[in-house]
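Enquirer: First, the structure itself, so that you have it in front of you.
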Amino acid sequence: AIGNHLAADKNAIPPVVKVAGDSNGPRVTGKVVIITGANSILGIGRASAHQFAQNGAKAVYICDYDDSNLEAHKREIESLYPSVDVHTRQFDAADEKAISEVVKDALDRYGRLDVFFANAGITGPHTKFSDVDADEFMDTMRVNALGPFLAAKYAAPAMRKTSAEKPKSSGSIIMTASVAGLRSNAGGTPYSASKAAVVSMAQTIAYQLVGTNIRVNALCPGLVETGMTAPVFESARARGTERKIGQLNPLRRGGHADEIARVALFLGSDESSYVNAQAWAVDGGLSSGHPYVP
Ligand code: NAD
Numbered sequence: 011a012i013g014n015h016l017a018a019d020k021n022a023i024p025p026v027v028k029v030a031g032d033s034n035g036p037r038v039t040g041k042v043v044i045i046t047g048a049n050s051i052l053g054i055g056r057a058s059a060h061q062f063a064q065n066g067a068k069a070v071y072i073c074d075y076d077d078s079n080l081e082a083h084k085r086e087i088e089s090l091y092p093s094v095d096v097h098t099r100q101f102d103a104a105d106e107k108a109i110s111e112v113v114k115d116a117l118d119r120y121g122r123l124d125v126f127f128a129n130a131g132i133t134g135p136h137t138k139f140s141d142v143d144a145d146e147f148m149d150t151m152r153v154n155a156l157g158p159f160l161a162a163k164y165a166a167p168a169m170r171k172t173s174a175e176k177p178k179s180s181g182s183i184i185m186t187a188s189v190a191g192l193r194s195n196a197g198g199t200p201y202s203a204s205k206a207a208v209v210s211m212a213q214t215i216a217y218q219l220v221g222t223n224i225r226v227n228a229l230c231p232g233l234v235e236t237g238m239t240a241p242v243f244e245s246a247r248a249r250g251t252e253r254k255i256g257q258l259n260p261l262r263r264g265g266h267a268d269e270i271a272r273v274a275l276f277l278g279s280d281e282s283s284y285v286n287a288q289a290w291a292v293d294g295g296l297s298s299g300h301p302y303v304p
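Take a look at the structure:
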């Protein structure tokens, strides 16, 4: 068979070369993970904190500028997965000092940072571009684009330190973009622009981290029912038009936060050790199709 010439003994099948360990057990054992935008009860950040905790993370920092649910999330995760340390932090994801401090805290406490999931985001104004104020535009860019930029700026040096001290470890920076950053007409102009910036940044930064074993990827959800989009789903339910939400989607439905979180887990784990500088659409197929529905 093809490839058998690689075997020293022609009768023996050589073992599959394992690069990133066994994927059957906990998938992020011992990793230290920072997640922004983790306060929302329905959100992608909270669902991701659960995924990382359930899959063996040593510590998960759940961060948000709104801290109304963070302590409750912490108690819930610690009761479900007693071996994980959960830390809560209240800060603005675009606050440079706060980002540098949370990264420093991870290094001081654990001597390592493995995953920074820069996930905090806002929708910005949905009005026609000509009605958008410059301040609204800049606010959206600040949270959605500057936030992930700062995450990478401070996480990468910490991850380099981790990699140098523990040669087998690799860092993973995950930035939540959106299908709105890949295709037009999926959000307001500031939102789409900010998410396209995230895609571009993830790719540019990945290249600038050449040779460091730190990977940077943009995660691009389609329409998912979360705190951000709850009003869309609720009003569709109230009007009996929920089916329309999934009409353009080959799966005929919107997504769930956990379906995005599971991809964040994969990108944060060593299972994705050769996935770098990509924009991952997790949208049920929405962004790949033509908007014709038979
Ligand atoms: P969500 O509103 O449920 O959660 C977003 C969280 O980010 C909230 O807890 C909010 O308090 C926090 N946040 C907002 N601004 C912040 C700031 N400046 N500093 C710190 N925290 C801040 O919505 P979600 O859908 O879970 O959003 C997570 C990410 O997914 C966002 O980046 C969003 O743009 C992106 N996204 C969502 C969808 C969707 O359909 N829900 C689609 C594509 C992309």
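Taken in order, the sequence shown gives residues 11 to 304; the numbers are from the UniProt record's numbering. Where is the CB? At the ideal position from N, CA and C, for every residue including glycine.
1) When we look at the beta-carbon of T186 and count the other beta-carbons within 10 Å, is it buried (16 or more) or exposed?
2) May I ask you to list the residues that DSSP assigns as paired with E235?
3) Considering just the uninterrupted stretch of the beta strand (DSSP E) at V38, what are its terminal residues?
4) Kindly provide the ranges of any alpha helix (DSSP H) runs that are 4 or more residues long and lie completely inside the region 210-262, ordered along the chain.
5) Please specify which runs of the alpha helix (DSSP H), each continuous and at least 4 residues long, are wholly inside the region 78-109, giving them in chain order.
6) Any heavy atom of the ligand NAD inside 6 Å of the beta-carbon of M238?
7) Go to I183, then tell me how far its alpha helix (DSSP H) extends in each direction, as first and last residue.
8) State the DSSP-derived secondary structure class of T46, mapped to helix, strand or coil.
9) How about the region 59-79 and the region 38-49: do they share at least three Cβ pairs that are nearer than 8 Å?
10) Among residues of its own chain, excluding the 5 on either side of K84, which ones have a beta-carbon nearer than 7 Å to its beta-carbon?
11) Closest to N259 by CA distance: which of E281, G299, M238 and N286 is it?
12) Which residue or residues does DSSP assign as beta-bridge partners of residue 393?
Expert: With the structure as the only source:
1) Its Cβ being crowded by 16 or more others within 10 Å, T186 is buried.
2) H266
3) First-last for V38: undefined, no H or E at that position.
4) List check, alpha helix (DSSP H) in window: 240-249 and 252-255.
5) The region 78-109 contains these whole alpha helix (DSSP H) runs: 80-90.
6) Relative to the non-hydrogen atoms of the ligand NAD, the Cβ of M238 comes within a distance shorter than 6 Å of at least one.
7) Here I183 belongs to no alpha helix (DSSP H); instead the beta strand (DSSP E) covers G181 to T186.
8) strand
9) Counting C-beta pairs with one atom in each stretch, the region 59-79 and the region 38-49 have three or more that are closer than 8 Å, which means they touch.
10) I72, V96 and T98
11) Per the Cα distances, G299.
12) With the chain represented from 11 up to 304, any question about residue 393 goes unanswered, as that position is not in the structure.
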